[in-house]
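*Asks:* Chains as they are written, first to last, in my numbering: chain A, 1 to 136; chain Y, 1001 to 1339.
The beta-carbon is built from N, C-alpha and C at its ideal position, and this holds for glycine as well.
Structure below; questions to follow.
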Amino acid sequence: MNERKIRVLVAKPGLDGHDRGAKVVARALRDAGMEVIYTGLRQTPEMIAEAALQEDVDAVGLSILSGAHNALLPRILELLRANGQENVKVFLGGIVPDEDILTLREMGVAGVYGPGTLTDDIIRDITTAVLGADAA
Amino acid sequence: MTDVNTILSSNRLALARLLTQIENDTPAGRATLNALFPHTGRAHLIGVTGAPGTGKSSLVNQLARHYRKSDTPKRVAVIAVDPSSPFTGGAVLGDRIRMSDLRGDPGVFIRSMATRGSLGGLARATAGIVQAFDAAGYEIILIETVGAGQAEVDIARLAHTTLVVEAPGLGDDIQAIKAGILEIADVLVINKADRPGVENTERALRGMLQLAHPVQRIFRHHGRTERVSPDLTPPVVHNRDTPLWLPLVLRTVASDGQGIAELAQAIARHQEFLVKTGDLQRRERARLQNELELRIQETLVNRWRVSITNGYYEDALEKLVRRESSPEEVVLNLLAKEA
Chain A
1 MNERKIRVLV AKPGLDGHDR GAKVVARALR DAGMEVIYTG LRQTPEMIAE AALQEDVDAV
61 GLSILSGAHN ALLPRILELL RANGQENVKV FLGGIVPDED ILTLREMGVA GVYGPGTLTD
121 DIIRDITTAV LGADAA
Chain Y
1001 MTDVNTILSS NRLALARLLT QIENDTPAGR ATLNALFPHT GRAHLIGVTG APGTGKSSLV
1061 NQLARHYRKS DTPKRVAVIA VDPSSPFTGG AVLGDRIRMS DLRGDPGVFI RSMATRGSLG
1121 GLARATAGIV QAFDAAGYEI ILIETVGAGQ AEVDIARLAH TTLVVEAPGL GDDIQAIKAG
1181 ILEIADVLVI NKADRPGVEN TERALRGMLQ LAHPVQRIFR HHGRTERVSP DLTPPVVHNR
1241 DTPLWLPLVL RTVASDGQGI AELAQAIARH QEFLVKTGDL QRRERARLQN ELELRIQETL
1301 VNRWRVSITN GYYEDALEKL VRRESSPEEV VLNLLAKEA
């Protein structure tokens, strides 16, 4: 039997075109031994949920620098749940004001990362969230 | 084990999870595949291979769109394979980027796959995923492979129709891959045909085909040119009783859909050829035999690994490193240690 691989969807919802951060994270997760499905720019919540379903991912990493996180995240979480993927861990990176972080966490976002985050921290959090949830 | 009926009724979440189980080669996944196997054998499998950057993903995107938009839309599954890092085992799977046209269509299912460790493992997983899609009622299964190499040849063995994708300006690549890749092509696609140099690429490929398929002499004997028909009549040569398929050479521009209808037509003609000549059964038999061989090898090796204690293996490796025994002697010695 092969070892279990952590599969992560990395996507950029919404209209901002700054994908450097998403690419850096995708690369870091790859180097941590994960399988990263990279879907690129301008993804709608529907596209993200559909890709997460077809790829049976363990986690979804979203990059939003447009400030639209309060509109996009609830919709993505709702669609994941509707598809029966409530176990999928959702992480968010980008420009998120401190006052929004708590709301997002309460909504079910597993982690929020701003500028200056170490990729090692993201890797650690995803690994813990996915493998911990599996053991439970 | 997954309830077989959820797969047969094409429950997408159940199918997605089954694909993961197959990739991870879990006992549950194996059990489900065993139960699904009688429901397979209906899909047409199309392999798409070629050097990196020739536009395979875009071509797959366009072909899938074509099948969805036809008068009798077919359900399409895509298996997109990208390489794993040999050092970390991680992978970035980026083929979906080119396939966003297919979003929101419940008749399309795209699954990305990393090559992971072994060639044999990839071939096994791909075969399993194909069976799952087939049982779930996907009529067209497009398998897009990494680039050039032995893996492509293995995966081509899975497919009924193999497309080899080339692009202008990759002349050296043509040279590099001619040994393995061209021989597996049923249709040669020159993508990015709006680029300069397309005539040279086409000439090189046709030249190569002439070398690879000496049967073209018969073409001339029948008073026809060796140029494979631009009007897409089936390039079938009747050499006594054995009809032969000569690979078609087609031009496409996947970014704007040029030549896609013709490509789909060529695939349909190849499928028709396979059915008419009985080649389909032969290929199917060869395909299943190939899978059987892989399974036997894998099962035997796994069984042997369990039987051998780790110490013996390490000792044997040490002897090899110190040049005390040859690889052949080490293997014979190790196999003799089997309990």
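Residues of the region 1241–1263 of chain Y with a CB closer than 8 Å to any CB of chain A: list them in chain order, please.
*Replies:* none
*Asks:* Of the residues that make up the region 1081–1107 of chain Y, which ones have a beta carbon closer than 8 Å to any beta carbon in chain A?
*Replies:* Ser-1084, Ser-1085, Thr-1088, Gly-1089, Gly-1090, Ala-1091, Val-1092, Leu-1093, Gly-1094, Arg-1096, Ile-1097, Ser-1100, Arg-1103 and Gly-1104
*Asks:* How would you call Ser-1112 of chain Y, buried or exposed, if buried means at least 16 neighbouring beta carbons within 10 angstroms?
*Replies:* As a position in the second sequence, residue 1112 of chain Y is number 112, starting the count at 1. So Ser-1112 of chain Y counts as buried.
*Asks:* Just the chain A side, please: which residues come within less than 7 Å of Ile-1267 of chain Y by C-beta, in chain order?
*Replies:* Counting from 1 along the second sequence, the entry for residue 1267 of chain Y is found at position 267. By Cβ distance, chain A contributes nothing, its closest Cβ being about 23 Å from Ile-1267 of chain Y, past 7 Å.
*Asks:* List the residues of chain A whose Cβ lies closer than 9 Å to the Cβ of Leu-1013 of chain Y, in chain order.
*Replies:* By 1-based counting over the second sequence, the position of residue 1013 of chain Y is 13. Per Cβ cutoff of 9 Å: Leu-53, Asp-56, Asn-83, Gly-84 and Gln-85.
*Asks:* Is Ser-1058 of chain Y near the ligand GDP, with its Cβ less than 7 Å from a heavy atom?
*Replies:* For the structure depicted, the ligand GDP is absent and the ligand set is empty, with no information on it obtainable.
*Asks:* For Ala-1286 of chain Y and Arg-1157 of chain Y, what's the separation of their Cα atoms in angstroms?
*Replies:* Numbered from its first residue, the second sequence carries residue 1286 of chain Y at position 286. Numbered from its first residue, the second sequence carries residue 1157 of chain Y at position 157. Looking at the two C-alpha atoms, the distance is approximately 8 Å.
*Asks:* Only counting the same chain, and skipping five residues up and downstream in sequence, which positions put a Cβ closer than 8 Å to that of Ile-1097 of chain Y?
*Replies:* What you label residue 1097 of chain Y is simply residue 97 of the second sequence in a count that begins at 1. Answer for Ile-1097 of chain Y: Ser-1057, listed in chain order.
*Asks:* Phe-1109 of chain Y versus chain A: which residues are under 8 Å apart at the beta carbon?
*Replies:* Walking along the second sequence from the start, residue 1109 of chain Y turns up at place 109. Per Cβ cutoff of 8 Å: Gln-54.
*Asks:* How many Å lie between Glu-1324 of chain Y and Gly-1311 of chain Y at the Cα?
*Replies:* Taking the second sequence and counting its residues from 1, one reaches residue 1324 of chain Y at position 324. Taking the second sequence and counting its residues from 1, one reaches residue 1311 of chain Y at position 311. So the two alpha carbons sit approximately 17 Å from each other.
*Asks:* Just checking: is the beta-carbon of Asn-1005 of chain Y within a distance shorter than 8 Å of some beta-carbon in chain A?
*Replies:* As a working mapping, residue 1005 of chain Y is identified with position 5 in the second sequence. With 8 Å as the cut-off, Asn-1005 of chain Y does not count as an interface residue toward chain A.
*Asks:* Name the chain A residues whose beta carbon is nearer than 8 Å to that of Arg-1017 of chain Y?
*Replies:* Looking up residue 1017 of chain Y in the second sequence gives position 17. What Arg-1017 of chain Y touches in chain A: Asp-56.
*Asks:* Between Gln-1131 of chain Y and Thr-1040 of chain Y, how many whole angstroms is the CB-CB distance? I'm expecting something under 8 Å.
*Replies:* Numbered from its first residue, the second sequence carries residue 1131 of chain Y at position 131. Numbered from its first residue, the second sequence carries residue 1040 of chain Y at position 40. About 5 Å; that satisfies the 8 Å criterion.
*Asks:* Taking only beta-carbon positions, decide if Thr-119 of chain A is within less than 8 Å of chain Y.
*Replies:* Stepping through the first sequence from its first residue, residue 119 of chain A is reached at position 119. No, because no Cβ of chain Y sits closer than 8 Å to the Cβ of Thr-119 of chain A.
*Asks:* Would you check if the region 19–31 of chain A and the region 1088–1096 of chain Y touch, i.e. whether three or more CB-CB distances between them fall below 8 Å?
*Replies:* yes
*Asks:* What does the Cβ neighbour count give for Phe-91 of chain A, buried or exposed, with the cut at 16 atoms within 10 Å?
*Replies:* Walking along the first sequence from the start, residue 91 of chain A turns up at place 91. Label assigned to Phe-91 of chain A: buried.
*Asks:* Taking the alpha carbon of Asp-1095 of chain Y as the point to measure from, which residue in A:Ile-37, A:Lys-12 and A:Asn-87 has its own alpha carbon closest?
*Replies:* Residue mapping note: residue 1095 of chain Y aligns to position 95 of the second sequence, counting from 1. Among A:Ile-37, A:Lys-12 and A:Asn-87, the Cα nearest to that of Asp-1095 of chain Y is on A:Ile-37.
*Asks:* Under 8 Å Cβ to Cβ from Pro-1073 of chain Y, same chain only, skipping five residues before and after it: list those, please.
*Replies:* For this step, residue 1073 of chain Y is matched to residue 73 along the second sequence. These residues qualify, in order along the chain: Tyr-1067 and Gly-1107.
*Asks:* Could you please tell me which residues of the region 1039–1065 of chain Y, in chain order, have their CB closer than 7 Å to any CB of chain A?
*Replies:* So the list is empty, because no residue satisfies the distance condition.
*Asks:* Can you tell me which of A:Leu-62, A:Gly-67, A:Val-25 and A:Thr-128 puts its alpha carbon nearest to the alpha carbon of Asp-100 of chain A?
*Replies:* Numbered from its first residue, the first sequence carries residue 100 of chain A at position 100. Nearest option by C-alpha distance: A:Gly-67.
*Asks:* One question on the structure: do Leu-9 of chain A and Val-60 of chain A come within less than 8 Å of each other, judged by their Cβ atoms?
*Replies:* Taking the first residue of the first sequence as position 1, residue 9 of chain A is located at position 9. Taking the first residue of the first sequence as position 1, residue 60 of chain A is located at position 60. Yes. Within cutoff.
*Asks:* Pick from Y:Thr-1026, Y:Leu-1122 and Y:Ile-1267: whose alpha carbon is nearest that of Ile-1155 of chain Y?
*Replies:* By one-based count along the second sequence, residue 1155 of chain Y stands at place 155. Closest by alpha carbon: Y:Leu-1122.
*Asks:* Assign Ala-71 of chain A to buried or exposed, taking buried as 16 or more other Cβ atoms, counted over all protein chains shown, within 10 Å of its Cβ.
*Replies:* Along the first sequence, read from residue 1 onward, the residue named residue 71 of chain A stands at position 71. The residue in question, Ala-71 of chain A, is exposed, as its Cβ has fewer than 16 Cβ neighbours within 10 Å.
*Asks:* What are the start and end residues of each continuous beta strand (DSSP E) run of 3 or more residues lying completely inside the region 1238–1297 of chain Y, in chain order?
*Replies:* 1242–1245 and 1248–1251, all fully within the region 1238–1297 of chain Y.
*Asks:* Of the residues that make up the region 1187–1202 of chain Y, which ones have a beta carbon closer than 8 Å to any beta carbon in chain A?
*Replies:* none
*Asks:* Which of helix, strand or coil does DSSP assign to Thr-39 of chain A?
*Replies:* Against the first sequence, residue 39 of chain A aligns to sequence position 39. In the structure shown, Thr-39 of chain A sits in a strand (DSSP, three-state: E or B).
*Asks:* Provide the residue span of the alpha helix (DSSP H) that contains Tyr-1312 of chain Y, from first to last.
*Replies:* Position 312 of the second sequence, counted from the start, is the residue given in the question as residue 1312 of chain Y. Annotation for Tyr-1312 of chain Y: the continuous alpha helix (DSSP H) segment containing it runs 1310–1321.
*Asks:* My assumption, with CB atoms under 8 Å, is that Val-96 of chain A sits in contact with Arg-105 of chain A. Please give the rounded CB distance.
*Replies:* Stepping through the first sequence from its first residue, residue 96 of chain A is reached at position 96. Stepping through the first sequence from its first residue, residue 105 of chain A is reached at position 105. Rounded, the Cβ-Cβ distance is 11 Å, inconsistent with contact.
*Asks:* Going along the chain, which residues of its own chain have a beta-carbon closer than 6 Å to the beta-carbon of Thr-1006 of chain Y, five neighbours each way excluded?
*Replies:* The count along the second sequence starts at 1 and reaches residue 1006 of chain Y at position 6. Ala-1014, listed in sequence order.
*Asks:* Taking Cβ to Cβ, would you say His-1044 of chain Y is nearer than 8 Å to Gln-1271 of chain Y?
*Replies:* Within the second sequence, the letter at position 44 stands for residue 1044 of chain Y. Within the second sequence, the letter at position 271 stands for residue 1271 of chain Y. In contact: His-1044 of chain Y and Gln-1271 of chain Y (Cβ atoms closer than 8 Å).
*Asks:* Count the other CB atoms, across all protein chains shown, that sit within 10 Å of the CB of Glu-1144 of chain Y; report buried if there are 16 or more and exposed otherwise.
*Replies:* Taking the second sequence and counting its residues from 1, one reaches residue 1144 of chain Y at position 144. When all chains shown are included, Glu-1144 of chain Y counts as buried.
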